[in-house]
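Since the structure comes first, as structure tokens, the remarks are kept for the end.
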Amino acid sequence: MKGTISGISGDPLSKLWTLHFEDGSSALIGSGSAVRQLAACYGATEGTGDLIEKIKGKEIFYSVNEMNVMEGFNPVEEASDELLEEYKQSSFTS
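Just so it is clear: in the sequence shown, position 7 is 230 by the numbering used here, and no numbers are missing.
Okay, here's the thing in structure tokens:
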């Protein structure tokens, strides 16, 4: 799937987060380390409160499992040719 990030909500103590997309969809993030990976991709610094400003409006390719928990993501601007081709093929068949 491909989405443009509109926000993130959650609680660092519970380690449960929801990544929100501009089309109204969302994906659950089941660990603090996944949130830190997302932050690192866009240069946000843990604990400084700049995460939302750094990720809002960014496009990502992502996958979720049957419970809508994110399994992986890749910033669109860093996507390999293979990933871009796979996305194009799946968009035509969906």
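Virtual Cβ for every residue (Gly too), placed ideally from N, Cα, C.
Model, not experiment: these values are computed from the prediction.
{"Query": "With H, G and I counted as helix, E and B as strand and the rest as coil, what does DSSP make of GLU245?", "Result": "coil"}
{"Query": "Report the rounded CA-to-CA distance for LYS225 versus GLU276, giving the unit in angstroms.", "Result": "20 Å"}
{"Query": "Please name the residue or residues paired with ALA342 in a DSSP beta bridge.", "Result": "Only positions 224 to 317 of the chain appear in the structure, and residue 342 is not among them; the question remains open."}
{"Query": "Quick check on DSSP: helix, strand or coil for LYS311?", "Result": "helix"}
{"Query": "Could you spell out where the alpha helix (DSSP H) holding SER286 opens and where it closes?", "Result": "Where SER286 is concerned, there is no enclosing alpha helix (DSSP H), although the beta strand (DSSP E) it sits in stretches over 282-287."}
{"Query": "Any idea what DSSP makes of ASP304, helix, strand or coil?", "Result": "helix"}
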